[in-house]
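S.K.:
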Amino acid sequence: MLMVFLSSVRQNARTRPAVSSSCTGGKLKITRRRARHAIAAIAIAGTAALALAACTTSGTTTPSAGTGGTVSVAVVNDFTSFNSSTPQGNLDTNGQVGYLDGSYGTGFQYIDSDFKIVHDTKFGTFEKTSDSPQTVKYTLNKGLKWSDGQPITADDMVLAWAIGSGYYDSATFDPTSGDVTKGTQYFQIAASTAGLDATSFPKVSSDNLSITLTYSTPYVDWELVNPIAQPAHIVAEKAGLKSAADLTKLLKGLPKGDPSNPAAPDPTLDKAAKFVNTGYDVTAFPTDKTLTVSSGPFVVSSWTPGQSLTMTRNKYYAGGLVPKIDSIVFRFIGDASAQVTALQNGEVDVINPQASADTLTALKQAGAKVLTGDQVSYDHLDLNFGSPVFKDKTIREAFLKTIPRQQILDSIVTPVNPKAKVLDSQIFLPANPPYDATVKMNGSSAYDKVDIEGAKALLKGATPTIRILYNTANPNRVDEFQAIQASAAKAGFKIVDAGSPQWSSLLPGGDYDASLFGWISPGAGTSALPQLFSSQGGGNYNKYTGANKDALATQTTLDPKKLITLEQAIDKQTFTDAYGLPLFQLPGVFGTSTRVNGIKYMGNQTGPFWNFWEWSVKKSS
Amino acid sequence: MTTPVLADNPTMPETKAPESQGRLIFRRFLSNKLAVVSVILVLGIIIFATSAIGLGPIPGWWKYGYKDLNPQLNQGAPTLSLWPTWLGGKGFSFGEHPFGQDRIGKDYFAMTMRGIQNSFLVMIVLGVIASVVGVVVGAVAGYYRGTVDAILMRITDVFIVIPALVIGSVVGHWFGGLGALVLAIMLGFFSWMGIARLVRGEFLSLREREFVEAARVAGASDSRIIFKHILPNAIGVVIVSSTLIMASAILLETALSFLGYGIRSPDVSLGLLISSNESAFQTRPWLFWWPGAFIVALALLVNFVGDGLRDAFDPRHQRFSIRKMRESLPEPDEDQT
Amino acid sequence: MASFILRRLLVSVLILIAASFVMYMMVAYSSDPLQALLGSNSPNKLQLIADLSRRLQLDVPPPLRWAMWLGGVAKCVIPFANACDLGSTVSNAQVVDILPTALASTLQLVTIALVVAIFLGVTIGIVTALRQYSGLDNTVTFVSFFLYSLPSFLIAVLLKEFIAIDFNDFLRNPIIPWWVIVAIAVVAGAIWQSLIGGDGRRRLTVFGISGVATGVVLWLMSMTDWFLHPGLGPVVVVIIVVGIVVGTTALIGGLQNRRTLLTAGINGAIAIVAYFALQPLFNISSAGTLFILSLVTLGVGMLSGYLVGGYDRAQNVKVGAITAVATGAFILLDRIMQSWPTYLNDTTGRPIATVGSSTPGLSGDVWVSTLDTFTHLVLPTAALLLISFASYTRYSRAGMLEVLNQDYIRTARAKGMPERTVIVRHAFRNVLIPITTLVAFDVGALLGGAVITEKVFAIPGMGNLFNSGLSRGDLNPVMGYFVIIAAMAIIFNFLADLAYAGLDPRVRVR
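Protein chains in written order, with my numbering: chain Z, 1 to 621; chain G, 1001 to 1337; chain C, 2001 to 2510.
1. Who does Ala-514 (chain Z) pair with in a DSSP beta bridge?
2. May I ask you to report which of helix, strand or coil DSSP gives Pro-1004 (chain G)?
3. Tell me which residues of the region 336-369 of chain Z have at least one Cβ-Cβ distance to chain G shorter than 7 Å, keeping chain order.
4. Compare the C-beta of Arg-1114 (chain G) with all C-beta atoms of chain D and state if any pair is closer than 9 Å.
5. Evaluate the contact criterion for the region 1145-1162 of chain G versus the region 2016-2023 of chain C: three or more CB pairs, one atom per stretch, below 8 Å.
6. Output the residue ranges of the beta strand (DSSP E) runs that lie fully inside the region 70-154 of chain Z and measure 3 residues or longer, sorted by chain position.
7. Kindly identify the DSSP beta-bridge partner or partners of Ile-351 (chain Z).
8. Quick one: is Phe-2482 (chain C) near chain G, going by C-beta distance under 9 Å?
9. Just the Cα atoms here: how many angstroms apart are Val-322 (chain Z) and Val-596 (chain Z)?
10. In chain order, what residues of the same chain lie with their CB nearer than 7 Å to the CB of Gly-1095 (chain G), ignoring the 5 residues before and after it?
11. Considering only residues of the same chain and omitting the five flanking positions on each side of Phe-275 (chain Z), which have a CB-CB separation below 8 Å?
12. What are the start and end residues of the beta strand (DSSP E) that includes Tyr-215 (chain Z)?
13. Out of C:Tyr-2500, C:Ala-2002, C:Thr-2205, C:Ala-2321, state which residue places its alpha-carbon closest to the alpha-carbon of Ile-2244 (chain C).
14. Could you check whether Ile-2126 (chain C) and Arg-2397 (chain C) sit closer than 9 Å to each other, using their CB atoms as the reference points?
15. For the ligand ATP, I want to know if Asn-2168 (chain C) counts as a neighbour, meaning its beta carbon is within less than 8 Å of at least one of the ligand's heavy atoms.
16. Arg-2350 (chain C) by DSSP, collapsed to three states: which one?
17. Using alpha carbons as the reference points, say which of Z:Phe-123, Z:Ala-160, Z:Leu-429, Z:Ser-302 lies closest to Ala-191 (chain Z).
18. Give me the chain C residues within the contact set of Gly-1177 (chain G), using Cβ-Cβ distance strictly less than 8 Å, ordered along the chain.
19. Could you tell me the distance, in whole angstroms, from the CA atom of Thr-576 (chain Z) to the CA atom of Gly-443 (chain Z)?
20. Looking at the structure shown, is Met-311 (chain Z) part of a helix, part of a strand, or coil, going by DSSP?
21. Drop a sphere of 10 angstroms on the beta-carbon of Leu-2220 (chain C), count the other beta-carbons inside from all chains shown, and report buried for 16 or more, exposed for fewer.
22. Return the CA-CA distance between Phe-481 (chain Z) and Pro-388 (chain Z), expressed in angstroms with no decimal places.
23. What are the start and end residues of the beta strand (DSSP E) that includes Trp-2192 (chain C)?
24. Anything in chain C within Cβ reach of Ala-190 (chain Z), meaning under 7 Å, just list it in chain order.
25. Suppose you measure from the CA of Asp-1068 (chain G) to the CA of Met-1111 (chain G); what does that come to, to the nearest Å?
26. Return the bridge partner residues of Asn-597 (chain Z) from the DSSP annotation.
27. Answer with buried or exposed for His-2229 (chain C), where buried requires no fewer than 16 other C-beta atoms within 10 angstroms of its C-beta.
28. Helix, strand or coil for Gly-2072 (chain C)? Go by DSSP, reduced to three states.
29. Residues in its own chain within less than 8 Å of Asn-655 (chain Z) by CB, not counting five upstream and five downstream?
30. Which same chain residues end up closer than 8 Å to Thr-556 (chain Z) when comparing Cβ atoms and leaving out the 5 residues on each side of it in sequence?
31. Under 6 Å Cβ to Cβ from Gly-2444 (chain C), same chain only, skipping five residues before and after it: list those, please.
32. Name the DSSP beta bridge partners of Lys-369 (chain Z), please?
33. Might you give, ordered along the chain, the residues of its own chain that have their beta carbon closer than 6 Å to the beta carbon of Ile-1116 (chain G), omitting 5 neighbours on each side?
34. With DSSP run on the structure shown, which of helix, strand or coil describes Phe-2227 (chain C)?
35. Taking beta-carbon pairs under 8 Å, can you tell me which members of the region 224-245 of chain Z lie near chain C?
36. Ignore the nearest five residues each way along the sequence and tell me which others in Phe-1234 (chain G)'s own chain have a CB closer than 7 Å to its CB.
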């Protein structure tokens, strides 16, 4: 008991530097023996009283509780940066904080749980004003303010455009070390500059509330571009400029970067870029409050690294996503089982744990509400078109006929999500509207059932050896491999275990016949298509060339109907060519305590936060 | 205590000669019921586990392998029945899946048995390698003293600075994917420091004894003196501490598996079973308790064996009792240096 | 002495450098921070990989990178320069910045666990040695073997599932069922009778009295909702103070030693007066106040012992200090308990926490925050200390038995010294000698164990830093962790050597 007390004293002493060193006892010299007792007692009492009087508090401060209540959400990773768009800051928790403070994924639009892009017209409006050349106009509503009271203007949008487009970059990179060999790279972002790199300096309206972007080549995912990120007035100040308008003026004056003939770096923009790139990275709650400045409905108000982060309402927020609750607490709990017990114990209200049937039952037993659904990541089996054994299409077909997709789904997903179905498209997820129509026409029905006899007929007695690469550290993949191994062996295939925990570094090498791994679908947008299906695509590990043209064409097709037709064509082609098979979407689980209402399932990285404005807390009795 | 024991004749024939020390120790060990029962139980568990699922290509008597996928029966509940019929139970029977099934239908009994095999493999391999390396380093350092000693002991210090679990995690992170045997060997190479220190201490004192001097005068080579003359006298320390290292090896492997740095799926270890089924604690507790019970049982039994060995080799520890001492006059004390 | 320390320091630094090389190479070759990126389908994957390689200098071969890293660490030695550079993490945080908070969490956990484990382990070990082969001894031996063989994460998970959740559930309606009361009473009775010993009749009496007393206390606690409004109250405080006074005197000086009794009595009286007088001050206390109060308490205790004097002044000072601190601790305990209802309200009736080391956004006085620390740390500390507790009991029991067999103990007994003096004065100190070496080893084991405990209880400490760093292939935080624990291991080894020299006059520090 004593130890606990002492430890807490130490901890509090840390947070209370006010206790000065003068709070110590005194010393007296005493000569006569009899007098010692009395004098000592008085001395002690006196000194102690003096010291104590100096070291007390005036009672406790009661927290001013709002009426909306607090919701605590368990997240896995700690917070590391107020800017989640940089390569090092692009982590799930940072993105979720960014979603709430308006720097990432909210603002003009957000993505709902059906992966539809929803415009927030109370914040501003944006629309495509012309097809050729493609122009998009963004208009902010009047009276929007950052959380420090400064207005949100077109200057902020110009800055976001400058960051996202890489317009001023003139750098050439060394392909091995990644070092800049020539020229300058200003802003570093995790996302690709594709799309915005085809725009010129935006046209700013005279009321400084709207900008117009002009794309020199059509850009299909224009609706995902959100020109609100970091506050321009803060970035300008950090770069040594007086105001946001000065920053816009500077940007307007600078030429587009040219890697073949790089200009000397501009020192002011460099300073601004450095601040945006690394200035938002934090290891403790910043003393510099400008880092927390937010355009969204919440502002970060405190952060204890490794433990919790609290966001409270932004009183200047005027957009449409007005929350009903007062604050959101992120609690960092890395261990999935610890999340479940924490919910049971009332320490958190919402968890997004690793989905398993046991977690599900435990949550239900504990009286929590359970929401299940599909994640945007899906597992798939790809056949390597570069391997000799799969040069022959009949072998590919025969192998795919043996894949027990339903069995895999039943053992891995169904216990968590009984409504789950085998994934039947390489392009769409069931949440995407074209999914049903696509599945009907893409030829996936040929692989609905395991067809050992059909496979045997195609093999004509051959016993090809197939080496399958997968991640042995992932139990799901191990189970999938074992199921495939057992089933394919029945048709005469010899399946060799080429799994490795270092699977991802082996993936580009191509020293395998088939690979079993997962992709994360962005849900909305098409930028992944050429990556996976064009021959130059960075994710095309199985050297597939069958849908090259269509995959590239998707990037410049603005007509949504035509785009869907293209995507369906790619999907159909992959099944015709026996490209491989999608297996299933990973199941996801949210657990919420009964005191919180309004949480809805969402499969992407935003997780439970996506509809924070609908959350409410039941008044405790 | 002063007669050296020669390793080449550990079982002396029954002659009129005084009882050999090895035999004395063995007899003392046998008198420790708990340790003897522990040895029998450990061997029993190992034989049971190995015979159940076989070893390598040799099949065992149990019908399922630890990798086989089976259809889920009764949501994977265990079918083992231990209640005798006269107590209203179903009598002793294994049923289809005595320890239940895991989430994809693998037989948990076979998996647990495989986990025991692996735990045992790690324990033996780690213990043997750590002992061999530790004995060689400690013996050489203690025998030669001087610079050799200083260098070897500083190397020992370098490795002893890092806690076992930390260095184990790093080793496991590196080699865990390569199977239980590789992991055990590599862990063994990072666990010898304690034994090396102990053996060095023994050697430092033993090398000054007369029998070593005698051997040296007789012209024995250094390696002969080390391994034939001194080591047999230090064997007690080695055996006891390697047994205790083995007990902690089981726990180390378990902890590593829990952190994800131990044996990896699709192979099975007891720690891995617990850690991958931690979320099943409340819903299907048997997935948690079976491997847990076997870990504790194995570690406990091996610890008992180690304790029994310690008592057998170093009788001072147990023979003493206050009650006895108060009742009788104290025996003459042993020489303590 | 100075040359000894200097030599030790130099050798330690060399060992640290060599060990860091081993560690660096092993981590660098075993893991690849690009792993996660390599498997991603991000459109600008190559650029992201290049960016990360550049930031972490992955193109430099590991031995060279180690040298560069060592150069950064060497800068830490420069005093006041604040030039420490331990590298940065994958997410661009300086390791130097994140280490201190992690270190504080872990130190708190490990120190408390260590101190409690030593205290309980040594006490119980000695008691069981004195009651060798009794029921208590056999039970404790078995339990410590059992704990010794229990994987620490198993303990942690069980504590969380059974203690935290179940105790919090119990608090909703804190009535102890009658059979639990009976069971606890029987166990308590059995322990007491085994402790006190004697013939069959005496044992039976002790068993009966202590069992019934325990049962009645539990029943009263259950009936009066004590678990919702705990506290000791004046009566219990007075009883405890008297108990401490008598107990300390009996243990250290013997009850027939009038001066010792007087010292303890004075401190007991002061404690009782202070209990009533200080309550208003407690209500407005801060951590600083309590710190001063504890210093004053210690001072009063020592001073009173000194002033009472007598032929054994040092012993009186010791008795005074122990009585003062122990009684003071109970007074504080009583006050902390009084804040329980407030804290219970703050945590919506579920006080024992399963994750983290503090409740976010809790604002309360020093009492509430002490409780908050307590409820968060109690389970992880328990999980951590149980294992080392087992080894301390075993070692101190064996040590005590061995010491009791020594000639000087027999001599002491032979010249008619009371058993108390023999144990406390002659045997105890010698038992501590081998324990000091054990402590040095145990610190390493505790720091290792913290990796697991912190994972299970989601505590953001050093172990967490190491574990997440290693699994991500993030080298620098792992090395930062290593530097700290290796340094701590070396320091504790050194302290153990000094303590050894202090306790054992035969050992000279050269």
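Note that the Cβ used here is the ideal one computed from N, Cα and C, for glycine as well.
M.R.: Let me lay it out:
1. Z:Leu-383, Z:Ile-468
2. Here Pro-1004 (chain G) scores only 46 on pLDDT, less than 50, and its place in the model should not be relied on; the value that follows carries that caveat. Of the three classes helix, strand and coil, the one that applies to Pro-1004 (chain G) here is coil, per DSSP.
3. Ala-336, Ser-337, Val-340, Ser-356, Ala-357, Asp-358, Thr-359, Thr-361, Ala-362, Gln-365
4. Protein chains in the displayed structure are Z, G and C, and chain D is not among them.
5. yes
6. Those beta strand (DSSP E) runs which fall completely within the region 70-154 of chain Z and span 3+ residues are 70-75, 109-111, 117-119, 124-131, 134-140.
7. Z:Gly-591
8. yes
9. 17 Å
10. Thr-1079, Leu-1080, Ser-1081
11. Val-235, Lys-238, Ala-239
12. 210-215
13. Of the listed residues, the one whose Cα sits closest to Ile-2244 (chain C) is C:Ala-2321.
14. yes
15. By its list of ligands, the structure shown contains no ligand whatsoever, and the ligand ATP lies outside what it can speak to.
16. coil
17. Measuring from the Cα of Ala-191 (chain Z), the nearest candidate turns out to be Z:Ala-160.
18. Per Cβ cutoff of 8 Å: no residues; Gly-1177 (chain G) is ~10 Å from chain C at best.
19. 7 Å
20. strand
21. So Leu-2220 (chain C) ends up on the exposed side.
22. 21 Å
23. First-last for Trp-2192 (chain C): 2178-2196, but that is the alpha helix (DSSP H), not the beta strand (DSSP E).
24. Leu-2048
25. 10 Å
26. Z:Ser-616
27. exposed
28. helix
29. A question about residue 655 (chain Z) goes unanswered here, because the residues of chain Z that appear run from 1 up to 621.
30. Thr-217, Pro-218, Tyr-219, Val-220
31. Ala-2489
32. Z:Thr-592
33. Ala-1049, Phe-1294
34. coil
35. none
36. According to the sequence as given, residue 1234 (chain G) is Ala; it is not Phe. Correct list, in chain order: Val-1199, Glu-1202, Phe-1203, Leu-1206.
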